[in-house]
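This report concerns only the one structure given below.
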């Protein structure tokens, strides 16, 4: 295809992706009330325990409630429309890939997407404990007035960060498949991986919430060893194929 034809194709793909996002946002906007009730449950629990005038979600601007609904609608719309815009991206780049590259790409995407959503789900599980724990340090007589925009940003960023962290082992396997790192090299760095996972979990969760930190660190460590194990298995299969082809180890 010529450059002009590629640009026309890109424009068509972007239009379908944008249309899917708009439809997803409309659907998400209709269910913002249950979402807001779900994410503000920790605040309601604190208010029920310590009094309604102690904890509340606060909007500091006239358009604050509408802005929060639009932000939620955009985030959920992005997730709802993900199958469509991911397919548009894939349909645009697939003609330029070899059959082997197509197979690898499908495998990595099939592993990365569920891991990302699993990480987001772990973030959803952790955030109520973080909010309730931090509110427990509020001195007597003080109030917890949570700014709606900051409150939503905290929950959304926590979900995204943990979701991305869950996908990192897939990139380790990708580096192994590409021949950049061997499985033994990945496994040899297990001490560093445990340290990084622990530090990340400590930064992503409050210092006082030890249970959430250990749970998050444990999941990340298990994912690392799973990636290292797969890489070692792939290296073993490569060596067997090379031996069957009569290649010397140094040439392979």
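In this note's numbering, the protein residues as written are 34 to 285.
Think of the CB as a built atom: it goes at the ideal place given N, C-alpha and C, for glycine as much as any other residue.
Count the CB pairs spanning the stretch 40 to 52 and the stretch 141 to 160 that are closer than 8 Å, and state whether there are at least three.
-> no
Would DSSP call residue 257 helix, strand or coil?
-> helix
In three-state terms, what does DSSP make of residue 135?
-> helix
Rounded to a whole number of angstroms, what is the C-alpha to C-alpha distance between residue 45 and residue 140?
-> 26 Å
Could you tell me which of 211, 163, 120 sits nearest to residue 142, measuring between CA atoms?
-> 120
For residue 165, collect the residues of the same chain with a Cβ closer than 8 Å to its Cβ; drop the 5 residues on either side in sequence, then sort them by chain order.
-> 75, 78, 79
Just the C-alpha distance for residue 225 and residue 194, rounded to the nearest angstrom, thanks.
-> 20 Å
Counting only the same chain and skipping the five closest in sequence on each side, list residues whose C-beta sits under 7 Å from that of residue 180.
-> 91, 93
Neighbourhood of residue 210 by C-beta distance below 7 Å, restricted to the same chain and skipping five residues each side = 137, 267
Where does residue 205 land, buried or exposed, given buried means 16+ other C-beta within 10 angstroms?
-> buried
For residue 220 and residue 265, believed in contact at Cβ under 8 Å, the rounded distance = 6 Å
Between residue 274 and residue 212, what straight-line distance do the alpha-carbon atoms span, to the nearest angstrom?
-> 15 Å
Taking the alpha helix (DSSP H) that residue 88 falls in, what are its first and last residues?
-> Here residue 88 belongs to no alpha helix (DSSP H); instead the beta strand (DSSP E) covers 88 to 91.
Give the C-beta separation of residue 254 and residue 227 to the nearest angstrom, bearing in mind that I take them to be a contact with Cβ-Cβ under 8 Å.
-> 6 Å
Which of the three DSSP states, helix, strand or coil, is assigned to residue 179?
-> strand
Rounded to a whole number of angstroms, what is the C-alpha to C-alpha distance between residue 178 and residue 184?
-> 10 Å
Using 10 angstroms around the beta-carbon of residue 41, count the other beta-carbons present and answer buried if the total reaches 16, otherwise exposed.
-> exposed
Mapping DSSP to helix, strand and coil, what is residue 211?
-> coil
Residue 243: buried (16+ other C-beta within 10 angstroms of its C-beta) or exposed?
-> exposed
Could you tell me the distance, in whole angstroms, from the CA atom of residue 55 to the CA atom of residue 110?
-> 7 Å
Taking the Cβ atom as the reference point for each residue, do residue 71 and residue 148 lie within a distance shorter than 8 Å?
-> no
Can you say whether residue 174 is buried or exposed, counting buried as having 16 or more other CB atoms within 10 angstroms of its CB?
-> exposed
How about residue 131 and residue 102: are their beta carbons less than 8 Å apart?
-> no
Own chain partners of residue 168 with C-beta closer than 6 Å, once the 5 adjacent residues on each side are dropped = 79, 177
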